[in-house]
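Q:
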Amino acid sequence: MKYLMLVVVDPSLEKNGEPPLTIEEWVGETYGNGKATDGDRLRPPADAKTVRRRGGKVIVTDGPFAETHEWIAGFDILECADLDEALEIASRHPMATGGIIELRPAWPLDL
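Printed below as a string of structure tokens:
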């Protein structure tokens, strides 16, 4: 099953101890065993654009969709047997100790 793992930065959160792995170790382990297939860091919210189509017109605005103090800093695509495996992988990501990891199962279109 495919999962989108969003790595979220929240400056208001305090780091809760040392992460189980460094980011280099996590990437080596997760991508090395084929459980992650793609991912990257993202530029900061100031570099984001939001696109909407309203009344037949395209509206492009600066910044993220939501005005919050947290932002998506990166993503990974996980290929896991089930949710439990995805949760285990996400829990080992270094940002789980000082940020937020959000997992979203893919919902394929049945065309």
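Count along the sequence shown starting at 1, add 137, and that's the number in our numbering. A virtual CB, placed ideally from N, CA and C, is assigned to each residue, including glycine.
1) Taking the CB atoms as reference points, tell me whether R229 and W163 lie closer together than 8 Å.
2) Since M142 and L215 should fall inside the 8 Å C-beta cutoff, what is the C-beta to C-beta distance between them, to a whole number of angstroms?
3) In its own chain, which residues sit with a C-beta less than 7 Å from the C-beta of T159, not counting the 5 before and 5 after it?
4) Can you say whether T187 is buried or exposed, counting buried as having 16 or more other CB atoms within 10 angstroms of its CB?
5) So, are the CB atoms of A210 and P156 less than 8 Å apart?
6) Taking 8 Å as the cut-off, decide whether the C-beta atoms of A243 and D213 are in contact.
A: The short version:
1) Contact annotation: R229 and W163 have beta-carbon atoms nearer than 8 Å.
2) About 6 Å separates the two Cβ atoms, so the contact holds.
3) The beta carbon of T159 sits closer than 7 Å to those of P231, all from its chain and outside the five residues before and after it, given in chain order.
4) Around the beta carbon of T187, fewer than 16 other beta carbons sit within 10 angstroms, so the residue counts as exposed.
5) Cβ distance not < 8 Å, so A210 and P156 don't count as in contact.
6) Taking 8 Å as the Cβ cut-off, A243 and D213 do not qualify as a contacting pair.
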